[in-house]
Amino acid sequence: MRKDLVKNVPENVPENIPENMIENVREKSPYIHCITNYVTVNDCANILLACGASPIMADDVNEVEDITSICNALVINTGTLNERTISSMIKAGQKANALKHPIILDPVGAGASKLRTETVERLLREIKFDVIRGNASEIKCISKGVASTKGVDADQADYITEDNIASTVAAAKALSERTGAIIAITGAIDIVADASRAYVIRNGNTMMSRITGTGCMLTAVIGAMCAANLENLLEATATGVSMMGICGEIALQKLQETDGGTASFRIHLIDHMSKINTATMNKFMKIELV
Amino acid sequence: MRKDLVKNVPENVPENIPENMIENVREKSPYIHCITNYVTVNDCANILLACGASPIMADDVNEVEDITSICNALVINTGTLNERTISSMIKAGQKANALKHPIILDPVGAGASKLRTETVERLLREIKFDVIRGNASEIKCISKGVASTKGVDADQADYITEDNIASTVAAAKALSERTGAIIAITGAIDIVADASRAYVIRNGNTMMSRITGTGCMLTAVIGAMCAANLENLLEATATGVSMMGICGEIALQKLQETDGGTASFRIHLIDHMSKINTATMNKFMKIELV
Amino acid sequence: MRKDLVKNVPENVPENIPENMIENVREKSPYIHCITNYVTVNDCANILLACGASPIMADDVNEVEDITSICNALVINTGTLNERTISSMIKAGQKANALKHPIILDPVGAGASKLRTETVERLLREIKFDVIRGNASEIKCISKGVASTKGVDADQADYITEDNIASTVAAAKALSERTGAIIAITGAIDIVADASRAYVIRNGNTMMSRITGTGCMLTAVIGAMCAANLENLLEATATGVSMMGICGEIALQKLQETDGGTASFRIHLIDHMSKINTATMNKFMKIELV
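Chains A, B and C, in that order, are what the protein sequence lines are. Residues in the first sequence are numbered consecutively from 29, following the working numbering. Residues in the second sequence are numbered consecutively from 29, following the working numbering. Residues in the third sequence are numbered consecutively from 29, following the working numbering.
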């Protein structure tokens, strides 16, 4: 067990989270195939490189099988989807399933339009996902078929708070049971659950919602973490969520020192992803197994 | 009247410009549906977040009505347009018209190709716009059917100068009369006019033309300003134009202090949009009603 | 000859490289039509503006001929290609050929999928390119029809090293002979060759591969350099490659002073492209004619 072996592991990191998950990404440089939206695609590519992975963006139906075959994980993001890319998502997903690559779904805007809701439902029918990461409204939409999303943001009524953690964890576990995917619900408090266990994470800050792409970037990073830590997908996902939050915390501190605004915050966030390591993680992780 | 009520309003801000237009954006967080180009879409999303609004980018014909329905304004930008997105623009525009949402048009490159010129003409026939913002050549193309655009930049022959302000104001008023839209012509000097009144704005600097997306970002910001200030669309537009110019002025000052280049300028520009308020506006606005 | 005329030319710059190639870009402001991928398109537009050119991104088959006609060079990049844009590339390329505009090909991911390999082959059959710039694996794929690309990065087995420079130069010259295009192979060491001459360039650093878009940006910059220096395409290309490397070197120095990460590096890189001039080039160029 970790605590027995490593003297400097702080009390706040649960012992079943392995060390060196980020170092594994840097060492293995996994290739991550992303079929994603054109709003945040550059940020996703850059944060994947920052954490040590190699991004490949490709969405034509005639090449997605080839591309997925040379990669180690697939990330599907439904922002700015369209008829053409939906077919590509299905085809890439089925190929990645056949190859047993981890597949991560970011159901951006599920609930905001009939097209998005139905596409996410179709993706869940035709592809077996390893992780689904969304905000509270997107996950609720998948979970209950209720469309409460305010666009691509979570509806305030759905926010995770100290008061509804228990019920949200229960809902996440139930959804994981039904889909077979790890469920990551992110917001002020984050929950990462499989059917039997759940991590509650309290890293990050509200500044992260004042730039576009934090969620998309996190999903991409989870793809990298899973590709490099295949034996521990739940811990890889939870650690990825915490890591992104920690980068946000360090970025905010840097921002306050330099008197910058939201654009500088984005730069600092990616900067710190390119520098983070297990030592920093151990220092800042706020994560508990519930 | 403003000057009667508020002691610290400087002489340079016309009294018919209401206070707190930017604070209204931050308070109401309007959702802005953007059908825009893939070159500057990330900048548009980030500057909308910086000024307090929430961006939603969606361009598939099967979801644009749903998305526009949950938003407060629609921004249509013709950069990198294609067959697929043109239909989406029409459909979204007609839905937004039915819902009486403000609709802003950025006719990027009108005059640079037959496709762009004809698409802009079609958009103007099938959608009632509230604001049209372009450079001098794009607006001239709409106004006179003359295609003098040098690509996506204004032709030097069309630049607004101290010598042609009067005639440009007259042309803007005439185009507003014909289209029913507020006309915003931006360049070294900016003009924002409806059929009867015009503001001349002298904020900003040439550094703003050394990065891509300043125009696109401004159009998005005008969408946010209009959505949050429905009673004063002319003033919301003029204030948005001035505000963007002021952010450029502060960004340039910051740049000179730090010895940066064009990429840093873009970061500072968005940074300052995330911090600007009415007090700063009152200090720097160079705007007159003509 | 240059060394006879100009006293301060350092020994390290070959005499057949003209001075002021970058100043020519800033003076002529050439319009560069880019049909490129949506991952790095914003960086390409911004670096073109930074070096003094004007970018126009347009990929609809119904406007590419119009757009190319008002431009001075065409850049085709096969990242994120799809059925729709392939037709546009062919049409734009043939028009640019007819107009005798320089055309630059960036065969992103050639070898990574059948679609990319076949599309690059088709582009080479139907368009006469002036410059082809890729990493070692992409160029090898074109040269030998061998698909060894690891996604969009070069396969380590293909890296240019001190040991294989001679054979790589020979292969580049042979490919140039066959295609009629200048061949630019970039990596730790860069080679720029036509059928009879080759430059070996040793500027740049590994940090440049830790952000997305360095290659795409370089290809765009080569388009600008060629458009403004039509009489010296080989030297324009070699100088462009060296210039990008030098910006990377200055950016890294700046980064170390400020303790930044990969996102800051990207900002510094573009910043320094907006400031570079022949004097700086002369100081830092590491280039030899072999």
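Note that the Cβ used here is the ideal one computed from N, Cα and C, for glycine as well.
- Query: By Cβ distance below 7 Å, which residues in the same chain neighbour residue 239(A) in space, the five residues on each side in sequence not counted?
  - Reply: Residue 239(A) sits at position 211 when you count from the first residue of the first sequence. Only 290, 293 and 294 meet the Cβ criterion.
- Message: So residue 303(A) contacts chain D; which residues on that side make the cut at Cβ distance below 7 Å?
- Response: Absent from the structure: chain D. Protein chains present are A, B and C.
- Task: Check whether the Cβ of residue 109(C) lies closer than 8 Å to any Cβ atom in chain A.
- Result: As a working note, residue 109(C) is residue 81 in the third sequence. So yes, residue 109(C) belongs to the interface.
- Query: Going along chain A, which residues have a C-beta under 7 Å from residue 214(C)?
  - Reply: Numbered from its first residue, the third sequence carries residue 214(C) at position 186. In chain order: nothing, as chain A lies at least about 17 Å away.
- Query: Taking the C-alpha atoms as reference points, what is the distance between residue 148(B) and residue 138(B)?
  - Reply: Residue 148(B) sits at position 120 when you count from the first residue of the second sequence. Residue 138(B) sits at position 110 when you count from the first residue of the second sequence. Roughly 7 Å separates the two Cα atoms.
- Backbone CA spacing between residue 227(B) and residue 280(B) [nearest angstrom]: Against the second sequence, residue 227(B) aligns to sequence position 199. Against the second sequence, residue 280(B) aligns to sequence position 252. Roughly 24 Å between the two C-alpha positions.
- Please name the residues in the segment 80 to 96 of chain C whose beta-carbon is closer than 7 Å to at least one beta-carbon of chain B, in chain order. 82, 83, 84, 85, 86, 87, 88, 90, 91, 94 and 95
- Output the distance between the C-alpha atoms of residue 112(A) and residue 284(B), rounded to the nearest integer angstrom. Position 84 of the first sequence holds residue 112(A). Position 256 of the second sequence holds residue 284(B). The straight-line gap from Cα to Cα measures roughly 46 Å.
- So, do the segment 270 to 280 of chain A and the segment 295 to 312 of chain A have three or more beta carbon pairs nearer to each other than 8 Å? yes
- Query: Can you tell which of 215(A), 308(A), 216(A) and 245(A) has the C-alpha that lies nearest to the C-alpha of residue 49(A)?
  - Reply: As a first step, residue 49(A) is located in the first sequence; it is residue number 21 there, counting from the start. Nearest option by C-alpha distance: 308(A).
- Can you tell me whether DSSP reads residue 57(C) as helix, strand or coil? One-based indexing of the third sequence puts residue 57(C) at position 29. Coil at residue 57(C), not helix or strand.
- Message: Which residue marks the beginning of the beta strand (DSSP E) containing residue 220(B), and which one marks its end?
- Response: In the second sequence, the residue the question calls residue 220(B) occupies position 192. Element bounds for residue 220(B): 218 to 221.
- Beta carbon of residue 57(A) nearer than 8 Å to that of residue 86(A): Start at 1 with the first residue of the first sequence, and residue 57(A) comes out as number 29. Start at 1 with the first residue of the first sequence, and residue 86(A) comes out as number 58. Against a cut-off of 8 Å, the Cβ pair of residue 86(A) and residue 57(A) comes out as no contact.
- Message: Which residues in chain B have a C-beta closer than 9 Å to the C-beta of residue 73(C)? List them in chain order.
- Response: Locating residue 73(C) in the third sequence gives position 45, counting from the first residue. Those within 9 Å of residue 73(C) in chain B are 67, 68, 239, 240 and 241.
- Query: How would you list, in chain order, the residues of chain B whose beta-carbon sits under 8 Å from the beta-carbon of residue 283(C)?
  - Reply: Here the question's residue 283(C) lines up with position 255 in the third sequence. Chain B residues near residue 283(C): none, gap ~13 Å exceeds 8 Å.
- As assigned by DSSP and simplified to three states, the class of residue 75(A): Position 47 of the first sequence, counted from the start, is the residue given in the question as residue 75(A). Residue 75(A) falls in the helix class under three-state DSSP.
- Message: Taking its Cβ as the centre, do 16 or more other Cβ atoms sit within 10 Å of residue 91(B), making it buried, or is it exposed?
- Response: For the purposes of this step, residue 91(B) is taken as residue 63 along the second sequence, with counting starting at 1. Result: buried.
- How big is the Cα-Cα spacing for residue 84(B) and residue 47(C)? On the second sequence, position 56 is the one that residue 84(B) refers to. On the third sequence, position 19 is the one that residue 47(C) refers to. Going from the Cα of residue 84(B) to the Cα of residue 47(C) covers about 48 Å.
- Item | residue 62(A) - DSSP class collapsed to helix/strand/coil | Within the first sequence, residue 62(A) is the residue found at index 34, counting from 1. Reduced to three states, the DSSP call for residue 62(A) is strand.
- The alpha helix (DSSP H) with residue 268(C) in it runs from where to where? Counting from 1 along the third sequence, the entry for residue 268(C) is found at position 240. 261 to 286 is the extent of the alpha helix (DSSP H) around residue 268(C).
- Query: To the nearest angstrom, how far is it from the Cα of residue 316(A) to the Cα of residue 267(A)?
  - Reply: Within the first sequence, the letter at position 288 stands for residue 316(A). Within the first sequence, the letter at position 239 stands for residue 267(A). Distance between the alpha carbons of residue 316(A) and residue 267(A) is about 11 Å.
- Could you check which residue in 45(A), 67(A), 78(A) and 43(A) has the C-alpha nearest to that of residue 60(A)? In the first sequence, the residue the question calls residue 60(A) occupies position 32. Checking every option, the nearest Cα to that of residue 60(A) belongs to 78(A).
- Task: Could you pull out every residue in the same chain whose Cβ sits closer than 7 Å to the Cβ of residue 400(A), ignoring the five residues on either side in sequence?
- Result: For chain A, the structure presents residues 29 to 318; residue 400(A) sits outside this window and is missing.
- Message: What does the alpha-carbon distance come out to for the pair residue 247(C) and residue 100(C)?
- Response: As a first step, residue 247(C) must be located in the third sequence, where it is residue number 219. As a first step, residue 100(C) must be located in the third sequence, where it is residue number 72. Straight-line Cα distance between these residues: approximately 15 Å.
- So, helix, strand or coil for residue 162(C), using DSSP? The residue you call residue 162(C) lines up with position 134 of the third sequence. Residue 162(C) falls in the strand class under three-state DSSP.
- Query: Where does residue 104(A) fall in DSSP's three states?
  - Reply: The residue you call residue 104(A) lines up with position 76 of the first sequence. Reduced to three states, the DSSP call for residue 104(A) is strand.
- Beta-carbon of residue 168(C) versus every beta-carbon of chain A: anything under 8 Å? As a first step, residue 168(C) must be located in the third sequence, where it is residue number 140. So, not an interface residue.
- Message: Would you call the segment 189 to 204 of chain B in contact with the segment 241 to 257 of chain B, where contact means no fewer than 3 C-beta pairs closer than 8 Å?
- Response: no
- Query: Along the chain, where does the beta strand (DSSP E) that runs through residue 85(C) open and close?
  - Reply: Start at 1 with the first residue of the third sequence, and residue 85(C) comes out as number 57. Taken as a continuous stretch (DSSP letters only), the beta strand (DSSP E) holding residue 85(C) covers 82 to 85.
- Query: How would you write the range of the beta strand (DSSP E) that residue 133(C) sits in, first residue to last?
  - Reply: For the purposes of this step, residue 133(C) is taken as the residue at position 105 of the third sequence. Residue 133(C) -> beta strand (DSSP E) spans 131 to 134.
- Query: Nearest-angstrom Cα distance between residue 211(A) and residue 234(B)?
  - Reply: Numbered from 1 along the first sequence, position 183 holds the residue referred to as residue 211(A). Numbered from 1 along the second sequence, position 206 holds the residue referred to as residue 234(B). One C-alpha to the other measures close to 49 Å.
- Residue-chain proximity (residue 129(C), chain B), Cβ-Cβ < 8 Å: Within the third sequence, the letter at position 101 stands for residue 129(C). Answer no: the Cβ-Cβ gap between residue 129(C) and chain B never drops below 8 Å.
- Item | Amino acids of chain B, ordered along the chain, whose beta-carbon sits closer than 9 Å to that of residue 225(A) | By 1-based counting over the first sequence, the position of residue 225(A) is 197. Near residue 225(A) there are no residues of chain B at all, since even the closest Cβ is about 34 Å away, more than 9 Å.
- Under the three-state DSSP convention, the category residue 316(B) falls into: What you label residue 316(B) is simply residue 288 of the second sequence in a count that begins at 1. Three-state result, residue 316(B): strand.
- Mark residue 172(C) as exposed unless 16 or more other C-beta atoms lie within 10 angstroms of its C-beta, in which case mark it buried. Numbered from its first residue, the third sequence carries residue 172(C) at position 144. By the neighbour-count rule (16 or more Cβ atoms within 10 Å), residue 172(C) is not buried but exposed.
- Message: Would residue 143(B) pass as an interface residue toward chain C - the criterion being a Cβ-Cβ separation below 8 Å?
- Response: By 1-based counting over the second sequence, the position of residue 143(B) is 115. Closer than 8 Å: yes.
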